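**Q** Numbering (the numbering used here), first residue to last: 21 to 965.
Backbone N, C-alpha and C define an ideal beta-carbon position, used for all residues, glycine too.
Model, not experiment: these values are computed from the prediction.
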């Protein structure tokens with residue numbers, strides 16, 4: 021799998037396509053030189069002087085060579101047996117002693133020359149003449165750093181004066197060249213008329229590691245996992261592949277060191293002097309790059325002895341200069357290999373020595389001290405340093421590190437019970453702002469459910485339970501269990517009214533569960549009463565912020581906006597700013613659902629700033645999930661699928677964030693006609709576990725499912741889904757969340773000849789909205805009533821260009837110019853299917869092309885045309901020709917022709933290879949980032965007369 025080498029691949033292909041050429045590929049072991057070369061020589065490239073099917077002669081220089089000069093070149097020339105043309109240049113006879121396999125095809129052996137230099141020159145000319153005779157040819161010689169002098173001289177001769185049809189590709193590791201040596205023995209001069217390129221390959225960056233990991237494992241990984249893998253492998257693809265073969269590596273556990281790497285490091289360290297090996301062992305125990313003085317102190321060395329030892333380790337390539345007087349290993353696996361090679365008593369001795377040295381630093385590195393004391397077996401000191409480090413991380417806003425340290429402490433069965441409750445409280449507070457939740461929730465549940473919890477004061481147990489409930493609701497998506505824990509906490513916190521108010525404020529959030537909105541309002545009022553009697557301003561902001569969110573959902577947006585702005589203007593302390601970040605995240609989400617885009621953007625932007633400053637990745641993730649939905653609404657679809665997948669990868673298992681991302685991916689798949697993929701994402705967003713799904717996400721997902729069922733002709737299933745979803749909205753009482761659901765439900769009932777139910781739902785929707793401030797639902801109501809022109813204007817004002825275009829199309833009632841305008845709107849959005857539908861309607865009216873002078877079509881050559889890209893994407897997702905025809909409003913015959921062109925241009929022979937051949941290989945993003953739209957009559961804007 022070639023990742024992150026697009027530029028280098030194109031440069032190499034270009035050189036090979038324009039012989040004579042020389043390509044020098046430089047990079048450390050495992051960086052991907054061989055893979056790049058194999059990809060290039062297997063690529064269907066052609067160019068002037070290099071027709072398709074050029075012969076490839078590939079070899080390599082062995083690390084332990086036998087005394088046979090020019091061996092790597094002659095080894096590849098032997099493969100020409102049976103293919104050498106007749107009437108070779110007589111000089112080729114000089115090759116007979118070296119290539120006995122070709123003796124019958126070579127000219128007679130010329131008379132020997134007494135001058136060794138003249139003989140060598142004639143031999144070089146013979147090789148050049150043979151290569152010229154079999155051209156076009158690509159000569160590949162890898163591992164040039166191990167070449168003997170004769171081979172290097174021969175390759176330099178060919179590089180300086182190559183035959184017209186020869187492309188030479190050479191690879192080498194600069195660090196393994198003899199001291200001061202150059203790959204070809206001297207500087208390469210790039211002769212005139214020769215295409216020359218030098219390609220230094222660097223290790224992959226974090227993004228490249230993430231991409232390669234996804235390609236190798238078939239699953240996206242969070243950014244934090246990619247960073248960890250990058251640290252362990254230094255971005256070297258070969259090492260990464262070995263690491264990923266270890267079970268549990270992606271889940272954060274440290275796998276075993278690959279055998280080849282372990283043996284290589286053992287051999288390198290064994291070749292060092294005793295002082296240099298001691299320095300390497302010290303660096304392995306220190307784990308992170310360290311200063312020369314620190315490495316020497318841990319190794320028990322000082323002065324010139326320490327400097328000499330470090331220099332030897334650096335020259336041997338065992339340690340590397342990491343910059344700023346920091347020295348360490350090339351990658352984490354090398355460190356792990358050396359560390360695991362140490363005997364346990366030696367490790368502990370070095371850890372104790374590291375603890376003594378680090379403890380004297382000002383300020384002391386608490387996390388490192390916690391690590392070294394634990395490894396040294398000093399558990400008392402470990403607990404002290406770990407708790408200090410966690411508190412320091414919390415104060416600095418590093419919630420993830422604080423949670424990790426607290427989890428490590430609580431997971432130790434030897435932890436005294438007197439410390440367990442105190443640390444559980446601190447963990448519960450820190451975990452609310454992070455993304456990881458599984459281990460924290462397990463540890464906290466153990467604390468509140470154990471027999472020892474009965475001995476805890478109610479207030480302590482109540483705070484732990486409250487934060488556990490919030491964690492389950494927000495991060496884990498286990499709303500029912502979270503609500504139960506939060507309600508229990510209210511009673512346990514009767515002597516802590518400020519925390520009881522926070523619990524009540526949490527229960528006031530309307531997106532949780534199916535309780536009526538009146539229940540949430542009751543909790544909000546109780547929380548406000550308690551908070552008003554308390555002097556903690558941060559508490560009052562927390563309570564008021566949740567109450568404001570509830571009021572937005574009830575259609576009180578204008579008043580809420582003003583009150584929220586006042587709170588933002590008065591925020592002072594760090595605690596207050598955290599609560600303001602939470603308020604902004606929730607307000608942006610609520611305003612977005614109501615269709616108040618400007619307010620949603622205002623509070624999203626402020627929330628991003630505050631959450632970032634507070635070090636609250638969960639709040640940042642919630643805001644990004646809202647931003648995904650906002651981008652969908654305003655028609656910013658290009659790159660949106662990839663952005664949503666990134667959100668999923670960065671917050672795995674965090675329900676409150678993942679639900680938005682899956683919803684957007686489901687909607688994108690729906691408008692492309694990819695029904696199965698859409699339903700999978702909708703299930704993941706909400707439909708698979710409706711009891712624990714955020715209520716507005718569930719309503720939107722249900723609406724999309726109804727539309728898909730209608731597209732598939734599954735009328736009964738569509739009506740059943742609509743009935744379930746409408747029942748949940750009735751119980752909740754927030755009709756502003758039904759902007760997508762009601763139009764879909766009305767269409768389902770109409771098609772099933774259940775007009776009375778449709779009219780009842782419309783009346784219920786109208787009454788439920790009343791005079792509430794819900795712009796998105798109001799636009800949907802106008803569309804449901806058949807006033808498509810008005811609905812189009814209201815959607816455009818949100819802005820929501822896609823439903824606006826759908827309504828404008830319906831309002832056109834077949835008028836040619838208005839249909840053309842609708843088609844243009846869909847094209848601008850990237851809604852290819854809707855544009856195709858409009859073009860189909862225009863063709864039916866004999867108005868397929870706009871008036872005016874005709875222009876010739878653009879020629880696409882070997883590139884896919886826009887229509888062919890649409891067809892390729894659908895082929896890649898498993899659509900049949902008939903299904904593609906339905907999606908794109910084309911005849912099966914036209915689709916058949918497009919498919920044939922796609923296969924030819926992508927150089928594949930069967931449909932199943934199209935996915936691998938497409939530029940991004942991912943159907944969710946489309947082949948060019950543009951997306952298709954969904955049909956008008958699927959229930960988005962259909963009227964009920």
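1. In chain order, what residues of the same chain have a beta carbon less than 7 Å from the beta carbon of residue 223, not counting five sequence neighbours either side?
2. Nearest-angstrom Cα distance between residue 501 and residue 390?
3. State buried or exposed for residue 30, treating a residue as buried only when at least 16 other CB atoms are found within 10 Å of its CB.
4. Given a threshold of 16 other Cβ atoms within 10 Å of its Cβ, counted over all protein chains shown, does residue 259 qualify as buried or as exposed?
5. If you measure between the beta carbons of residue 218 and residue 44, is that distance less than 8 Å?
6. For residue 250, does the three-state DSSP call read helix, strand or coil?
7. Are there 16 or more other CB atoms within 10 angstroms of the CB of residue 494, so buried, or fewer, so exposed?
8. Determine the DSSP secondary structure at residue 873, reduced to helix, strand or coil.
9. Is residue 395 buried or exposed, if buried means 16 or more other CB atoms sit within 10 Å of its CB?
10. Mark residue 814 as exposed unless 16 or more other C-beta atoms lie within 10 angstroms of its C-beta, in which case mark it buried.
11. Identify whether residue 899 lies in helix, strand or coil by the three-state DSSP scheme.
12. Under 8 Å between the Cβ atoms of residue 304 and residue 330?
13. Classify residue 890 as buried or exposed, calling it buried when 16 or more other Cβ atoms lie within 10 Å of its own Cβ.
14. Rounding to the nearest angstrom, what Cα-Cα distance links residue 919 and residue 688 in this structure?
15. To which residues does DSSP link residue 192 through a beta bridge?
16. With 16 as the cutoff for other CB atoms within 10 Å, does residue 35 come out buried or exposed?
17. What's the C-alpha gap between residue 388 and residue 381?
18. Which residues in the same chain have their Cβ closer than 6 Å to the Cβ of residue 610, if we skip the five residues on either side of it in sequence?
19. Cα-Cα, which of 77, 208 and 207 is closest to residue 156?
20. Following the continuous alpha helix (DSSP H) through residue 75, name the residue where it begins and the one where it ends.
21. Measure the alpha-carbon distance for residue 371 versus residue 392 and round it to whole angstroms.
22. Give me whichever residues DSSP pairs with residue 186 in a beta bridge.
23. Among the residues of its own chain, which have a CB less than 6 Å from the CB of residue 764, if the five just before and after it don't count?
24. Does any heavy atom of the ligand COA sit closer than 7 Å to the C-beta of residue 395?
25. Could you tell me if residue 679 is buried or exposed, where buried requires 16 or more neighbouring beta carbons within 10 angstroms of its beta carbon?
26. Check the C-beta distance from residue 846 over to residue 858 and give it rounded, since I have them as a contact under 8 Å.
27. Kindly list the residues whose CB is nearer than 6 Å to the CB of residue 482, restricted to its own chain and excluding five residues on each side of it in sequence; keep chain order.
28. Between residue 55 and residue 161, what straight-line distance do the alpha-carbon atoms span, to the nearest angstrom?
29. Give the straight-line distance between the Cα atoms of residue 852 and residue 844, rounded to the nearest whole angstrom.
30. To the nearest angstrom, how far is it from the Cα of residue 976 to the Cα of residue 81?
31. Just checking my contact of residue 577 with residue 614 at CB under 8 Å: how many whole Å lie between their CB atoms?
32. Residue 206 to residue 341, Cα distance in whole Å?
33. Pull the bridge partners of residue 340 from the DSSP assignment, please.
34. Which residues in the same chain have their Cβ closer than 7 Å to the Cβ of residue 633, if we skip the five residues on either side of it in sequence?
35. Using 8 Å as the threshold, is the C-beta distance between residue 293 and residue 496 below it?
36. Quick check on residue 138: does DSSP put it in helix, strand or coil?
**A** Considering the structure as presented:
1. 51, 254, 255 and 256
2. 35 Å
3. exposed
4. buried
5. yes
6. helix
7. buried
8. The pLDDT assigned to residue 873 is 43, lower than 50, so where the model puts this residue is not dependable; a value taken from the coordinates is nonetheless given after this. Coil at residue 873, not helix or strand.
9. buried
10. buried
11. coil
12. no
13. buried
14. 23 Å
15. 46
16. buried
17. 12 Å
18. 569, 572 and 573
19. 77
20. First-last for residue 75: 75 to 80, but that is the beta strand (DSSP E), not the alpha helix (DSSP H).
21. 5 Å
22. 157
23. 723, 726, 727 and 959
24. This structure simply doesn't include the ligand COA, nor any ligand for that matter.
25. buried
26. 7 Å
27. 509, 512 and 513
28. 14 Å
29. 10 Å
30. The question about residue 976 has no answer here: the residues shown for the chain are numbered 21 through 965.
31. 6 Å
32. 27 Å
33. 348
34. 597
35. no
36. helix
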